[in-house]
Amino acid sequence: MSRVWFATELETVATFWRLLRRDGVALGFVTHDRDLWLDGLCHRAAPGMVPSAIRRSAGLEADSAEVEGALAHDALSARDMACGRFDGAALQIGLVDWQSGESEVLYRGTLGGLAATDEHFQAVALSGKADLHRDPVPRTSPSCRAVFCGPECGLSAIAHDRRAGIAGCDMAANTVTIAGADSGSAGDWIGGRLRWLDGPLAGTASTILWADGPHLALAAPLEGPVPPGSRVVLRHGCDRTLATCADRFANAVNFRGEPTLPGNDFVARTPVGG
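Right under this line is the structure:
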């Protein structure tokens with residue numbers, strides 16, 4: 004039988020919340036004056052955290068929740084939030100008895116929005132029922148809708164990923180110089196992805212806008228100097244056209260697009276004389 008919380012006038016109860024980031028990092032915080040170990044994870048004291056009222060219903064409407072507080076820990080920094088480290092992270096909010104260790108998760112969801120200033124943050128969570136409001140039907144498009152090297156694409160990620168090192172970076176131009184990726188031409192990386200394995204940006208990824216030899220321009224801004232020797236993984240780019248899919252990758256059978264389908268203006272077209 005589960006415990007009935009707040010059944011007496013005075014209880015030793017605190018609120019905890021966990022963030023499970025997509026890069027495998029798990030963070031825990033608790034509204035208490037000292038750190039607590041819970042389910043094998045150290046929940047750091049965050050007395051300034053203020054969770055909103057949690058509403059759970061039997062209907063199909065998504066159950067929302069909010070958490071706000073002070074950026075009092077190195078684990079929660081405005082820089083990490085701006086880099087996208089917390090995008091799509093799983094969120095758990097619950098209660099814990101800091102004397103007996105009893106706990107219960109009251110809310111599970113994902114971060115739907117995260118805003119941060121130099122001193123405070125505010126996070127909006129969406130429950131799993133939010134997926135019921137997403138339209139799963141794909142829309143027609145002349146370009147491929149599949150994620151490159153994803154399940155629908157069918158190409159092997161290992162065949163199109165290359166490990167490399169950072170030889171230098173230019174903060175003003177937002178470019179990095181790579182060393183060790185000697186497969187293919189520089190144009191193969193345009194539209195691809197650079198994923199950081201270590202250094203200050205470890206766990207994040209950025210789209211490659213253009214390439215000139217070993218120099219790559221990134222879409223995501225460099226928040227600070229990158230130490231030489233930092234390891235990265237480069238993935239080839241794809242412009243999502245049928246010609247590239249067929250000629251470069253020999254993967255036209257998995258092309259997820261309709262390049263020959265007439266557009267919306269087909270009925271308004273008029274024949275050209277002569």
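Per this note's numbering, the sequence shown starts with residue 4, numbered consecutively. Glycine residues also receive a C-beta, built at the ideal position from the N, C-alpha and C atoms.
#1: What's the gap between the Cα of HIS218 and the Cα of ARG165?
#2: According to DSSP, simplified to helix, strand and coil, what is ILE193?
#3: Under three-state DSSP, which class holds THR247?
#4: Going by beta-carbon coordinates alone, are LEU94 and GLY112 separated by less than 7 Å?
#5: Can you list, in chain order, the stretches of the beta strand (DSSP E) that have 3 or more residues and sit fully within the segment 114-185?
#6: Sort out for me which residues DSSP pairs ALA214 with in a bridge.
#7: Expressed to the nearest angstrom, what Euclidean distance is found between the alpha-carbon atoms of PRO224 and THR178?
#8: Determine the direct distance from the alpha carbon of CYS152 to that of ILE161, and round the result to whole angstroms.
#9: Looking only at its own chain, which residues have a Cβ that is under 6 Å from the Cβ of GLU107, when we skip the five neighbours before and after it?
#10: Counting only the same chain and skipping the five closest in sequence on each side, list residues whose C-beta sits under 7 Å from that of LEU79.
#11: Pull up the distance between the alpha-carbon of ALA149 and that of ASN254, whole angstroms please.
#12: Does the Cβ of VAL235 have 16 or more other Cβ atoms within 10 Å, making it buried, or fewer, making it exposed?
#13: Would you say THR143 and GLU14 are within 7 Å of each other, going by their C-beta atoms?
#14: Can you pull the DSSP bridge partners for ARG111?
#15: According to DSSP, is VAL256 helix, strand or coil?
#16: Looking at C-alpha atoms only, which residue of ASP242, TRP8 and THR180 is the closest neighbour of GLY216?
#17: Name, in chain order, the residues that DSSP records as bridge partners for THR18.
#18: According to the Cβ coordinates, are ASP227 and PRO203 closer than 7 Å?
#19: Tell me the DSSP secondary structure of VAL275 in three-state form.
#20: Give me the Cβ distance between ASP201 and HIS239, rounded to the nearest whole Å; I'm assuming they're in contact under 8 Å.
#21: Is MET4 buried or exposed, if buried means 16 or more other CB atoms sit within 10 Å of its CB?
#22: Determine the closest residue to TYR110 out of VAL70, PHE252 and SER146, with distance taken between C-alpha atoms.
#23: Mapping the DSSP letters down to three states, classify ALA85 as helix, strand or coil.
#24: Among the residues of its own chain, which have a CB less than 6 Å from the CB of THR212, if the five just before and after it don't count?
#25: Can you tell which of TRP20, ILE193 and PRO154 has its C-alpha closest to the C-alpha of LEU237?
So, from the listed chains and residues:
#1: 15 Å
#2: coil
#3: In this structure, DSSP gives THR247 a helical state, which the three-state scheme calls helix.
#4: Taking 7 Å as the cut-off, the Cβ atoms of LEU94 and GLY112 count as close.
#5: Taking only runs of at least 3 residues, the beta strand (DSSP E) segments lying wholly in the segment 114-185 are 123-130, 164-173 and 178-182.
#6: LEU219
#7: One C-alpha to the other measures close to 9 Å.
#8: 9 Å
#9: GLY97 and LEU98
#10: Within the same chain, Cβ atoms closer than 7 Å to the Cβ of LEU79 are found at PHE124, the five residues on either side in sequence being excluded.
#11: The straight-line gap from Cα to Cα measures roughly 12 Å.
#12: buried
#13: No, the Cβ-Cβ distance between THR143 and GLU14 is not below 7 Å.
#14: GLN95
#15: helix
#16: THR180
#17: LEU98
#18: It is worth fixing the name first, because residue 227 is Gly in this sequence and not Asp. Cβ distance < 7 Å, so GLY227 and PRO203 count as in contact.
#19: Of the three classes helix, strand and coil, the one that applies to VAL275 here is coil, per DSSP.
#20: Contact between ASP201 and HIS239 fails: their C-beta atoms lie close to 22 Å from each other, not under 8 Å.
#21: Model confidence at MET4 stands at a pLDDT of 47, short of 50, so the residue's coordinates are unreliable; what they give is reported in the following sentence. So MET4 ends up on the exposed side.
#22: With distances taken between Cα atoms, TYR110 lies closest to VAL70.
#23: helix
#24: Before going on, a small fix: residue 212 reads as Leu here, not Thr. Excluding sequence neighbours, LEU212 sits near ALA220 and ALA222.
#25: The option with the nearest alpha carbon to LEU237 is ILE193.
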